[in-house]
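Participant:
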Amino acid sequence: MKAVALTQYLPISDPESLFDIDLPQPSPRGRDLLVRVEAVSVNPVDTKVRAPKATVEPTPKVLGYDAAGIVEAVGDGVMRFKPGDTVYYAGDITRPGSNAEFQLVDERIVGHRPRTLSVAEAAALPLTTITAWEALFTRLGISRGGSHRGQSILIIGGAGGVGSIAIQLAKLAGLVVITTASRPQSQAWVMALGADHVVDYSEAMIEEMARLGFREVDFIANFNNTDAYWGVMSELIRPQGSIVGIAGNRDPLDLNVLKNKSATFVWEFMFTRSMYQTADMADQGNLLDEVAALIDAKKLRTTLGQTLSPINAANLRQAHAQVESGRTIGKLVLVGWG
Ligand SMILES: NC(=O)c1ccc[n+]([C@@H]2O[C@H](COP(=O)([O-])OP(=O)(O)OC[C@H]3O[C@@H](n4cnc5c(N)ncnc54)[C@H](OP(=O)(O)O)[C@@H]3O)[C@@H](O)[C@H]2O)c1
Numbered sequence: 103m104k105a106v107a108l109t110q111y112l113p114i115s116d117p118e119s120l121f122d123i124d125l126p127q128p129s130p131r132g133r134d135l136l137v138r139v140e141a142v143s144v145n146p147v148d149t150k151v152r153a154p155k156a157t158v159e160p161t162p163k164v165l166g167y168d169a170a171g172i173v174e175a176v177g178d179g180v181m182r183f184k185p186g187d188t189v190y191y192a193g194d195i196t197r198p199g200s201n202a203e204f205q206l207v208d209e210r211i212v213g214h215r216p217r218t219l220s221v222a223e224a225a226a227l228p229l230t231t232i233t234a235w236e237a238l239f240t241r242l243g244i245s246r247g248g249s250h251r252g253q254s255i256l257i258i259g260g261a262g263g264v265g266s267i268a269i270q271l272a273k274l275a276g277l278v279v280i281t282t283a284s285r286p287q288s289q290a291w292v293m294a295l296g297a298d299h300v301v302d303y304s305e306a307m308i309e310e311m312a313r314l315g316f317r318e319v320d321f322i323a324n325f326n327n328t329d330a331y332w333g334v335m336s337e338l339i340r341p342q343g344s345i346v347g348i349a350g351n352r353d354p355l356d357l358n359v360l361k362n363k364s365a366t367f368v369w370e371f372m373f374t375r376s377m378y379q380t381a382d383m384a385d386q387g388n389l390l391d392e393v394a395a396l397i398d399a400k401k402l403r404t405t406l407g408q409t410l411s412p413i414n415a416a417n418l419r420q421a422h423a424q425v426e427s428g429r430t431i432g433k434l435v436l437v438g439w440g
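Here it is in structure tokens:
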């Protein structure tokens, strides 16, 4: 099967950083599906795993943590899928990724693809949607039934992959959404997704928020740099409010700044459930099914921003370079094997 892989961890400008290769097609056992991959998206996690270092892999390593495709074959323990089903999923960071014509993935973290989306539009969604859903509904405990209706959330990094779906989920829950966006095109993008207010993070955030009438907010979802926003978040969170972070800190964080407010800080890592095979791991497959139904009911929309074709090393290197720039709006998807 065709695949794109690495053995060395090199700058993305190096043609050897990701290369085309033929690999043996795997076969499914137990609860695994064998999926024929039709489209993949690129996330910052791909570039973080690929970040330059001295390690050399003894065998080619395949990245890719978002896919849409068709079930080709199933293991003997599979209950939810059959060959021919159309699926979308983020997969498991401890296993070979989706940048290959065929991939094995545990059925519990796979969803049935939305019927009304193209394969590229579907591939844009899984990793960021699982992250945003778990961040808002599981970690921050925001009610999907509307009991937090009218409360406020500050979403930092609104135009990125995670922010683009989080804005929509927060609006579905009835929240007032204030989000960051620094450029005219990202500001237009977040407003089109339903944000109520936009703040430019390159200006003084606390003054910008006050100018909009928000001296404090009930929730903060930080989808950007945890260290850089720690002070601003501790100022803006209301007493007894809750903050979620998804990007690991580089320096120690001073938790004391949240003490007088009895504010909560919680992490979200979307690979936790597959990495530790948690008892509730099937919740990710279920939430992807639920999101597919919300998409088909026109209550959510895809976050696809740009498509490249085909899926090969040259296009994946271009996509990695763009994601590394930190300027992607929505999601960048590669479709077809050429
Ligand atoms: N823990 C997890 O499970 C998990 C899951 C997914 C992602 N992540 C991490 O979360 C982060 C975001 O992921 P993503 O996929 O949303 O990234 P992304 O799509 O690459 O985000 C790009 C967006 O970030 C915005 N941005 C750039 N600099 C910013 C700043 N200083 N402050 C606020 N916004 C800024 C840009 O918009 P403007 O400059 O136009 O405003 C741009 O549109 C990454 O570090 C990623 O590794 C973690």
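My numbering numbers the first residue of the sequence shown as 103 and each following residue consecutively.
We put the beta carbon where it would ideally sit given N, CA and C, even for glycine.
Note that this is a predicted model, so its numbers are computed, not measured.
Taking the alpha-carbon positions, what's the W93 to H299 distance?
Facilitator: The first residue shown for the chain is 103 and the last is 440, placing residue 93 beyond what the model contains.
Participant: Cα separation between Y167 and V279?
Facilitator: As a first step, residue 167 is located in the sequence shown; it is residue number 65 there, counting from the start. As a first step, residue 279 is located in the sequence shown; it is residue number 177 there, counting from the start. So the alpha carbons of these two residues sit roughly 28 Å apart.
Participant: Taking Cβ positions, are Y190 and R215 nearer each other than 8 Å?
Facilitator: Stepping through the sequence shown from its first residue, residue 190 is reached at position 88. Stepping through the sequence shown from its first residue, residue 215 is reached at position 113. In this structure, R215 lies closer than 8 Å to Y190 by Cβ.
Participant: Would you kindly check if the distance between the Cβ of A107 and the Cβ of V435 is under 8 Å?
Facilitator: Sequence index remark: in the sequence shown, residue 435 carries index 333 (1-based). Sequence index remark: in the sequence shown, residue 107 carries index 5 (1-based). In this structure, A107 does not lie closer than 8 Å to V435 by Cβ.
Participant: Among K104, G179, V221, which residue has its Cα nearest to the Cα of P162?
Facilitator: As a position in the sequence shown, residue 162 is number 60, starting the count at 1. Nearest C-alpha to P162: K104.
Participant: Do G263 and K433 count as a contact pair if the criterion is CB distance below 8 Å?
Facilitator: Within the sequence shown, residue 433 is the residue found at index 331, counting from 1. Within the sequence shown, residue 263 is the residue found at index 161, counting from 1. Yes.
Participant: Is A306 helix, strand or coil by DSSP?
Facilitator: The residue you call residue 306 lines up with position 204 of the sequence shown. Reduced to three states, the DSSP call for A306 is coil.
Participant: Mind checking who T188 pairs with in its DSSP beta bridge?
Facilitator: To locate residue 188, count along the sequence shown from 1; it is residue 86. The partner list for T188 (beta bridge, DSSP) reads I172.
Participant: Can you give me the Cβ contacts of V180 inside the same chain, cut-off strictly under 7 Å, excluding the 5 residues immediately before and after it?
Facilitator: Along the sequence shown, read from residue 1 onward, the residue named residue 180 stands at position 78. Closer than 7 Å at the Cβ level, and outside the excluded window around V180, lie R133, L135, E209.
Participant: Taking DSSP's pairing of strands, which residues face D98 in a bridge?
Facilitator: Because residue 98 is not part of the residues shown, which for the chain are 103 to 440, the question remains open.
Participant: Mind checking which residues open and close the alpha helix (DSSP H) that includes I269?
Facilitator: The sequence position of residue 269 within the sequence shown is 167, counting from 1. Where I269 is concerned, the enclosing alpha helix (DSSP H) stretches over 263 to 274.
Participant: CB-CB under 6 Å to S254, same chain, minus the five flanking residues each way: which ones, in chain order?
Facilitator: Along the sequence shown, read from residue 1 onward, the residue named residue 254 stands at position 152. Excluding positions up to five away in sequence, the list reads V278, V319, D320.
Participant: Return the residue from the list S284, I308, P286, A234 that minimises the CA-CA distance to K273.
Facilitator: On the sequence shown, residue 273 is found 171 positions in, with the first residue counted as 1. Minimum Cα distance to K273 is reached at A234.
Participant: Using alpha carbons as the reference points, say which of R131, A275, H422 lies closest to G247.
Facilitator: Here residue 247 corresponds to residue number 145 of the sequence shown, with the count starting at 1. G247 has its Cα closest to that of A275, out of R131, A275, H422.
Participant: How is I413 classed by DSSP in three states: helix, strand or coil?
Facilitator: On the sequence shown, residue 413 is found 311 positions in, with the first residue counted as 1. It is coil, neither helix nor strand.
Participant: Compute the beta-carbon to beta-carbon distance between L229 and V393, rounded to the nearest angstrom, for a pair I have assumed lies under 8 Å.
Facilitator: Here residue 229 refers to the residue found at position 127 of the sequence shown. Here residue 393 refers to the residue found at position 291 of the sequence shown. About 12 Å separates the two Cβ atoms, so there is no contact after all.
Participant: Assign A283 to one of three DSSP states: helix, strand, or coil.
Facilitator: Position 181 of the sequence shown holds residue 283. Coil.
Participant: Output the boundary residues of the beta strand (DSSP E) element that contains A323.
Facilitator: Residue 323 sits at position 221 when you count from the first residue of the sequence shown. Start and end: 319 to 324.
Participant: Looking at C-alpha atoms only, which residue of I345, Q110, E310 is the closest neighbour of W332?
Facilitator: Counted from its first residue, the sequence shown places residue 332 at position 230. The shortest Cα separation from W332 among I345, Q110, E310 belongs to I345.
Participant: When you compare only the Cα positions, how much space is there between L242 and P117?
Facilitator: On the sequence shown, position 140 is the one that residue 242 refers to. On the sequence shown, position 15 is the one that residue 117 refers to. Spanning the two alpha carbons is a distance of roughly 42 Å.
Participant: I need the straight-line Cα distance from A365 to S245, nearest angstrom please.
Facilitator: Mapped onto the sequence shown, residue 365 falls at position 263. Mapped onto the sequence shown, residue 245 falls at position 143. Rounded to whole angstroms, A365 to S245 spans 18 Å at the Cα level.
Participant: Comparing C-alpha positions only, which one of L418, A415, T405 sits nearest to S220?
Facilitator: As a working mapping, residue 220 is identified with position 118 in the sequence shown. Closest by alpha carbon: T405.
Participant: Spatial neighbours of T328 within its chain, please: C-beta separation below 6 Å, excluding the five flanking residues on both sides.
Facilitator: Taking the first residue of the sequence shown as position 1, residue 328 is located at position 226. Excluding residues within five positions, the ones whose Cβ falls inside 6 Å are G347, A349, N351.
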